[in-house]
Structures are given as structure tokens and as C-alpha cells.
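The opening residue of the sequence shown carries number 1 in full-length UniProt numbering; numbering runs sequentially from there.
Beta carbons are placed, not taken as given, at the ideal position from N, Cα and C, and that holds for glycine.
Note that this is a predicted model, so its numbers are computed, not measured.
Before any comments, here is the structure.
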Amino acid sequence: MQGNISTRIEKAKQAIKQADYILLGGGAGLSAAAGITYSGKRFTDHFGSFIEKYGFTDLYTSSFYPFTTQEEKWAYWAKHISLNRYETGPTKLYKDLYQMAKDKEYFVITTNVESQFEKAGFPSYKIFEVQGNYSYLQCAKGCHNKRYYNESLVKEMIQQTVDCKIPSELVPRCPVCGGEMDPNLRSNQYFVQDEKWYELDRLYKDFLQKSEGKQIVYLELGVGFNTPGIIRYPFERMTYYNEYATLLRFNKDHPEGFEENKDKTITFTEDMREVVIALMK
Ligand SMILES: [Zn+2]
1 MQGNISTRIE KAKQAIKQAD YILLGGGAGL SAAAGITYSG KRFTDHFGSF IEKYGFTDLY
61 TSSFYPFTTQ EEKWAYWAKH ISLNRYETGP TKLYKDLYQM AKDKEYFVIT TNVESQFEKA
121 GFPSYKIFEV QGNYSYLQCA KGCHNKRYYN ESLVKEMIQQ TVDCKIPSEL VPRCPVCGGE
181 MDPNLRSNQY FVQDEKWYEL DRLYKDFLQK SEGKQIVYLE LGVGFNTPGI IRYPFERMTY
241 YNEYATLLRF NKDHPEGFEE NKDKTITFTE DMREVVIALM K
């Protein structure tokens, strides 16, 4: 649905008001809009010594850097995890989304990994984090499906980092196979899905079943084309099959959608923070 901003906001407000269900789908563009940016000043302010040593340009590409030692790898990852998961508090945009959803039947599916939905007030049993979470380590080979909470270890690593290296005795080892560990992020075939992951997957499917054919708003927030099969395409498909559905798409770069859904889709390329505030008035 096209039209000027005030028309689209009015239509979207109407859809939210009428909806019994809201399904939120959070992608990378949501966290970027909330201020959790992976480049620019936020990056250079915190990663000076790593930029100098490795020539890193941003926090996304640097997470693929092939560190030659575990001591260097964990000095980097401790900083990366700490900044995005432990040092950054709840952001206003996520808190506003909670206010928008909290009186409806709602659920969250997200590819984001910084716990922002939970920090903003969404209960953990309504947040399916498909791609993992910074708070956990796992066996790098996925030899068993357990995740290990890392807050105190990450803090210790940062305190003891010298010349972009942690001391060898702090390098985490898999308690089962003795091998290397990784952050619990889906980056290869060894990604660990533990019992909690499968439980949330079930709860997500329950929500989809319960809301089928009902008055629902699919709130697609900054979801691009890295992994469109997780949120973007399913939201399009569910919108198509439900005559009472409205798809609210927030996307600065990829606003285009299925032609068949154009009368049920309201798209915003404007600043997500401002539109969400306007929707709540
Ligand atoms: Zn192992």
C-alpha cells in the first residue's frame, strides 16, 4: 500500500487497533535503527587496538576474521559480546515495540542475537531467537547440544586482555570433547540448538496455529535478504493466506513485496523509531 506517510500511519494504527494478534519479526535493520550499529563511531570507539592490529573496518566482517590463536580470537569475541550483549542496555525502540504489543496476543521471532527483546520487557518464553544469542558459548563442533552462559567469563577475559590476547588459561574448552568453543551463533553446520531452542520453536508454531485466520498484524522489522526464509517469506505467505492479516513492513532498503499482498501490506521506509512513536499516539 502506497500513499503519504500520514495515510499509511493511520491505516497501520487502524490495523493494530483491530488486531487480536501481533507477530513481531526482528531483523538486523531493527537493531541498527535502535542504535546498535556495527560500524562508525560505536565501532571505532571500542575497538581501537583491534583496528590497529588487524585493520578491521566494522563489527560484522571482523567476526569472520580467521584468528590464528584462540587467545586472540577470544580477546576479540569477549569485547564483541560484551559491548553488544552486556554493556548495551534496553533501547527505546525495542521498549516502544513492547508497549505496542503487550496488550495483544503476541510473539516474537528474531534473527537478532543481543537479547534486546528480553531487555525491553518481552518474556523469554515469547521470543524465538532462531540464530542464537551472544550470551552463550557452545562446543565449536557441536558435539553435544548444551549452551553455556558466558557473562562472568567474558568479563574476566576483557579484564585480562593484553595486546589483543587473553591468557591461555582463560581459553574455553568443551567440557565433553575438550575441543574449541564458539559463541552460540549460527555461522556453520555445528550451530547448537538446545532444548530451549526447540521449546521456543514449538511455542512459535503454536502461536502460528492459534492465530491462523484471525485478525493479525505481522510486524516485519528491518528484515533484509540475508535469511529471508526465516521471517520475510513466511510473513508474506501467511499474509497471503489470511484475509484478516495486515503486513506492516519496515525496511529502508528493500520495501518491495509480493504483488498479491499489496492491498494488505503497509510499508515504511522512513525512520523506524519515529514511525513506531507515531503509531503509538
Ligand atoms: Zn565438544
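Check                                                                                                                           : Outcome
Start-to-end residues for the beta strand (DSSP E) that takes in A245                                                           : 245-250
Nearest-angstrom Cβ-Cβ length linking S135 and R85, presumed shorter than 8 Å                                                   : 6 Å
Residues near H80 in its chain [Cβ-Cβ closer than 7 Å; skip 5 each side]                                                        : L59, S63
Coil, strand or helix - K165 by DSSP                                                                                            : strand
Contacts around Y98, its chain only, beta-carbon distance under 7 Å, and the 5 residues preceding and following it disregarded  : A120, G121, F122
Beta-carbon contacts of L185 that lie in its chain and below 7 Å, excluding the five residues immediately before and after      : V113, Q131, G132
Beta-carbon gap between A101 and L248 smaller than 8 Å                                                                          : no
V176 beta carbon near ligand 1 (any heavy atom closer than 7 Å)                                                                 : yes
Which listed residue (L221, K17, E270, P175) has its alpha carbon closest to that of N145                                       : P175
Cβ shell of A90 (< 6 Å), same chain only, five flanking positions each side left out                                            : Per the sequence shown, the amino acid found at residue 90 is Pro instead of Ala. Taken in chain order, the residues that qualify are K119, A120.
K141 CB to nearest heavy atom of ligand 1 below 7 Å                                                                             : yes
K210 to I22 span [Cα, whole Å]                                                                                                  : 12 Å
Cutoff 6 Å; reference G26; Cβ partners in own chain excluding five residues on either side                                      : T110, N112, L221
Bounding residues of the alpha helix (DSSP H) (the contiguous stretch that carries T267)                                        : From DSSP, T267 is part of no alpha helix (DSSP H) but of the beta strand (DSSP E) over 265-268.
For A15 and F47, the rounded distance between their alpha carbons                                                               : 43 Å
Any non-hydrogen atom of ligand 1 closer than 7 Å to G179 Cβ                                                                    : yes
Contacts around Y204, its chain only, beta-carbon distance under 7 Å, and the 5 residues preceding and following it disregarded : F107, I109, F128
Pairwise C-alpha distance: P228 and T269                                                                                        : 18 Å
Buried or exposed (CB count within 10 angstroms, at least 16 for buried), D182                                                  : buried
Beta-carbon spacing of A140, G178 below 8 Å                                                                                     : no
For R273, the nearest candidate out of R8, D20, S31, S6 (CA to CA)                                                              : S31
DSSP-derived helix/strand/coil call for Y233                                                                                    : helix
CB of G224 within 8 Å of CB of A28, strictly                                                                                    : yes
Inter-residue spacing [alpha-carbon to alpha-carbon] between H254 and Y218                                                      : 17 Å
Beta-carbon proximity of Y94 to A34, cut-off 8 Å                                                                                : yes
Cβ shell of Q215 (< 6 Å), same chain only, five flanking positions each side left out                                           : Q18, A19, D20, Y244
DSSP three-state assignment for S187, whether helix, strand or coil                                                             : coil
Whether E72 touches S168 by CB criterion (8 Å)                                                                                  : no
Proximity of I158 and S49 at Cβ, strictly below 8 Å                                                                             : no
Best match in K252, T265, D96, N226 for proximity to residue 282 [C-alpha to C-alpha]                                           : There is no way to answer for residue 282, as the model of the chain reaches only from 1 to 281.
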